[in-house]
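Going down the list, the protein sequences come from chains A, B, C and D.
Numbering follows our numbering, in which position 118 of the first sequence is assigned residue number 118; successive positions increment by one, without gaps.
Numbering follows our numbering, in which position 108 of the second sequence is assigned residue number 108; successive positions increment by one, without gaps.
Numbering follows our numbering, in which position 83 of the third sequence is assigned residue number 83; successive positions increment by one, without gaps.
Numbering follows our numbering, in which position 162 of the fourth sequence is assigned residue number 162; successive positions increment by one, without gaps.
The C-beta atom is built at its ideal place from N, Cα and C for all residues, glycine as well.
Computed from a prediction, not measured in an experiment: that's the story for all the values here.
Take a look at the structure below.
4 protein chains.
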Amino acid sequence: MNLFKQIKVCVIGLALIPMSTTTYAQITNDISHEEAFEILLAAKKNAEDSNVLVNIAVVDAGANLKAFIRMDDSFLGSIDVAIKKAKTARYFDIDTGELGELTQPGGIIYNIELSNGGLITFPGGLPIKNKDGKIIGAIGVSGGTIEQDRAIATAGAKSIVD
Amino acid sequence: MNLFKQIKVCVIGLALIPMSTTTYAQITNDISHEEAFEILLAAKKNAEDSNVLVNIAVVDAGANLKAFIRMDDSFLGSIDVAIKKAKTARYFDIDTGELGELTQPGGIIYNIELSNGGLITFPGGLPIKNKDGKIIGAIGVSGGTIEQDRAIATAGAKSIVD
Amino acid sequence: MNLFKQIKVCVIGLALIPMSTTTYAQITNDISHEEAFEILLAAKKNAEDSNVLVNIAVVDAGANLKAFIRMDDSFLGSIDVAIKKAKTARYFDIDTGELGELTQPGGIIYNIELSNGGLITFPGGLPIKNKDGKIIGAIGVSGGTIEQDRAIATAGAKSIVD
Amino acid sequence: MNLFKQIKVCVIGLALIPMSTTTYAQITNDISHEEAFEILLAAKKNAEDSNVLVNIAVVDAGANLKAFIRMDDSFLGSIDVAIKKAKTARYFDIDTGELGELTQPGGIIYNIELSNGGLITFPGGLPIKNKDGKIIGAIGVSGGTIEQDRAIATAGAKSIVD
């Protein structure tokens, strides 16, 4: 396995040589499921400490669902809201609450919520960054007040860089 | 990598310890079809007494359709509105009219209606509680004015606790 | 009210005079909510007598949901199947089981199930006729075996002509 | 008309008499998030031991998403398949593979997959039972062969009763 990995690294390394002169491929960063789990547990712990019942969703760099949990007795309607908050945060690499300021009537991107199968543009969705500050996914929290949701999402997102 | 995994397993293991002392299963309450029928008939009677033509939907604790009736000559468009009102009321355990106050432009959860396949956030949807005050489902009424819809929904929801 | 109704009848009567010579309007027959309720109760009683747990849906002449009930502990997935059976039966004025014989691979209307938001083409959906033999709606039953579903649907549909 | 209504009220009234002697509320069992987590971890461990990359979804008694994880490098298309397998298993309280035997061309419920927003009817979805044998949710696994998916789902579902 380790040998295989080493060979793999070599192969990728060799493959990168022509890349450095052309622009044919991208090296990207993506959240691992271990990190997604860690974030989920950290957010859940923060919610429990605050006596808030929430749904927590983590999406990867491609805005695809990576991990999810619904706490007992949290709102049924928050399943979809939490997932949409996470997706929205990654779709536009932004705190969903900040996005919501731009989507109000008269706002510069009024009603963008109608795109992408439905966005959620109030607080509770946040990009997840790695230690280098690169966005590798996003977290969405729903079930408490918008302030609670944002605080829980923040606790989750921060857990992997602390 | 292996060490990291071991640590992770430990962390998760520790996290599971308090879990093992908490209750492992949930006992929940759900509306019966007899209750749903009784609520439907009570709401319908109230609508007839008020000369209002409505659609009435009852969903269970899981927000799934349990019973429905459309009165003759009521709006065709109210079929979906009544069902969505009932689902919305259970999704967030709230009077849909109260929810609507928070979803207006500038409101704290503006445009949440775009989640869950479409919510309805004006009056006419109400949680249904049993005699112990536990939410066991929800009712949605559509076809009259919003005041009439709410009054009919209230008459329905109250019928099983009177 | 009565006077109003009489006037209304006159107005409609007068309006019908030119109709009888031209073909500008149709007089149609539609199921009433009392009939829909009666059918629902008759089907439910038949299901209870047979110890089968089902979902029962009745649609009107326009294939719109008119009445519905889900018996306790019946399949969650049968909510949609029952409604789709009723709609399918009215969409094509046919026993859904007969339709299914034509939709198999090699059949003359193979995969028609993909139209109309999804059809169900196995037994359990039946047109509802009035005493004159006119189709005024349809019933869909799901939860038992296909034979049980069809028998319960038949009992429901027949109840208003017996 | 009035007489008709009175008779109808009597009929409904009589129908309600047996209802008043039956139980008025349902006590149901639902999976807890601790159990859902435990199942997820047990299924993931089984997948890792078998060197299979999968998506794992757990739904509650109401077929609503309770917990989810996507292993690194598993198929993107398996997110939805895993969730749909879990929902399908709970919608009809059945091993999805067994359901698939009935939905083939010529099968008794051919093309039922078109209901409920899309079902998945090949192996990998299983009901989750508590120690009393009551169904409290379901698990769906996707990413390996159907045999591997079923084995992983089984390992997950069994973990809370062992």
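Here B:A153 has G124, L126, I139 and V141 as same chain residues with Cβ atoms under 6 Å from its own Cβ, once five neighbours each way along the sequence are excluded. Look at C:D72: its C-beta is under 9 Å from a C-beta on chain D.
Contact check for B:A151 against B:K45 fails: the beta carbons are separated by 9 Å or more.
Neighbours of B:K66 across chain C, judged by C-beta separation under 8 Å: I69 and R70. Judged by DSSP secondary structure, D:F37 falls within the alpha helix (DSSP H) whose first and last residues are H33 to D49.
When 8 Å is used as the limit between beta carbons, B:D93 is near these residues of chain A: F75, in chain order.
When CB distances to chain C are screened at a threshold of 7 Å, the residues of the region 107-119 of chain D falling below it are I108, I109, Y110, N111, I112, L114, S115 and N116, in chain order.
Neighbourhood of D:A63 in chain C, by CB distance below 9 Å: L76 and G77, in chain order. Taking CB atoms only, D:T88 has no neighbour in chain B less than 9 Å away.
For the region 26-48 of chain B, the beta-carbon criterion of a distance under 8 Å to any beta-carbon of chain D is satisfied by Q26, I27, T28, N29, D30, I31, S32, E34, E35, F37, E38 and L41. Annotation: Cβ neighbours of B:P105 in chain A (cutoff 8 Å, chain order): Q104 and P105.
Runs of beta strand (DSSP E) with 3 or more residues, each lying fully within the region 112-148 of chain B, are found at 125-129 and 135-142, listed in chain order. Assignment of D:D60 by DSSP, reduced to helix, strand and coil, places it in the strand class.
Leaving aside the five residues that flank D:A43 on each side, the residues in its chain whose CB is nearer than 7 Å to its CB run, in chain order, I56, I139, V141, I152, A153, A155 and G156. A distance below 9 Å separates the beta carbons of D:G137 and D:A61.
In terms of beta-carbon proximity, D:D60 lines the interface with chain B, with at least one pair separated by less than 9 Å. Comparing C-alpha distances from D:F122 to each of D:K129, D:I135 and D:L99 shows the shortest one belongs to D:L99. B:G144 sits buried, since 16 or more C-beta atoms from the chains shown fall within 10 Å of its C-beta. With respect to D:L114, C:G97 sits apart: the two C-beta atoms are not nearer than 9 Å. A Cβ-Cβ separation of about 5 Å places A:I69 in contact with D:A67 under the 8 Å criterion. In this chain, the alpha helix (DSSP H) harbouring C:L99 covers T96 to G100. At the C-beta level, D:K134 and D:I160 stay beyond 9 Å of one another.
Taking all protein chains shown into account, B:N111 has 16 or more neighbouring C-beta atoms within 10 Å of its C-beta and is therefore buried. In the DSSP assignment, C:I160 forms no beta bridge with any residue. The alpha-carbon separation between B:T88 and D:T88 amounts to approximately 23 Å.
By the rule that beta-carbons nearer than 9 Å mark a contact, A:I146 touches chain B. For D:T28, the secondary structure class from DSSP, reduced to helix, strand or coil, is strand.
According to DSSP, residue pairing for B:F68 in a beta bridge involves B:A57 and C:F68. A:D73: not part of any alpha helix (DSSP H); DSSP gives it neither H nor E. The residues G144 and Q148, in chain order, have a CB closer than 6 Å to that of C:V52 in the same chain once the five nearest residues on each side in sequence are set aside. Around the beta carbon of D:I27, fewer than 16 other beta carbons sit within 10 angstroms, so the residue counts as exposed. Around the Cβ of C:A36, a 10 Å sphere holds 16 or more other Cβ atoms; the residue is buried.
Our two residues, B:K129 and B:N29, have alpha carbons roughly 10 Å apart in a direct line. With a contact defined as Cβ atoms closer than 8 Å, D:I79 and A:L65 qualify at about 5 Å.
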